[in-house]
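The structure appears right after this line, and notes come after that.
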Amino acid sequence: MKHWTRRQFLGAALVTLLVAACERQSGRSNEGASEEAVIDAIETGQGAIVTLGGQQVAVYKAEDGSVIRLSPVCPHAGCQVDWNTGEGTWDCPCHASRFEADGTLRSGPAREGLSPLS
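Under numbering that gives the first Met the number 0, the residues of the sequence shown are numbered 0 to 117, in order.
Structure (structure tokens):
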């Protein structure tokens with residue numbers, strides 16, 4: 000049986016924590032929740048990346064209560080966008096493309112908006 004040094008143990012613990020933190024940021028965990036409950040949890044005028052039907056979806060709940068479902072994949076390089084609460088935009092962390100809440104392109108390098116989902 001191999002014995003671990005304190006450094007090896009702490010390194011393994013740090014990697015475990017980092018992986019867990021990255022998984023939490025990859026989208027809301029709503030496994031088992033109904034689509035209605037997941038969308039109800041999003042505040043009006045806000046967006047979130049959620050899992051609906053086993054698929055990651057960028058969801059925006061408009062002020063009028065309507066719901067916009069978009070692909071969370073930036074068309075420029077395939078990175079997942081994040082919701083920018085302060086600006087009310089979808090922002091790509093890879094190359095700084097920005098999209099309006101409804102998915103239309105605000106600024107590139109992307110050349111088209113986020114794809115709508117039904």
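All C-beta atoms, glycine included, are put in the ideal place defined by N, C-alpha and C.
In this text the structure is predicted, and so the values were computed from the model without any measurement.
Q79 is the residue among Q79, D101, T84, A100 whose C-alpha sits nearest the C-alpha of C91. Out of A76, R5, T50, the CA that lies nearest to the CA of R68 is found in T50.
Note that the C-beta distance between V58 and G77 is not below 9 Å. Bridge pairing for V37: absent [DSSP]. With fewer than 16 other Cβ atoms inside 10 Å of its own Cβ, A95 counts as exposed.
The criterion of a C-beta distance shorter than 9 Å is satisfied by G44 and K60. Secondary structure of R110 (DSSP, three-state): coil. Judged by DSSP secondary structure, L51 falls within the beta strand (DSSP E) whose first and last residues are 45-51.
In the DSSP assignment, V72 is bridged to Q79. Short of 7 Å from the beta carbon of G112, and not among the five residues preceding or following it, lie these beta carbons of its own chain, in chain order: F98, G102, T103, L104. Taken atom to atom, the span from the alpha-carbon of D81 to that of V72 is near 10 Å.
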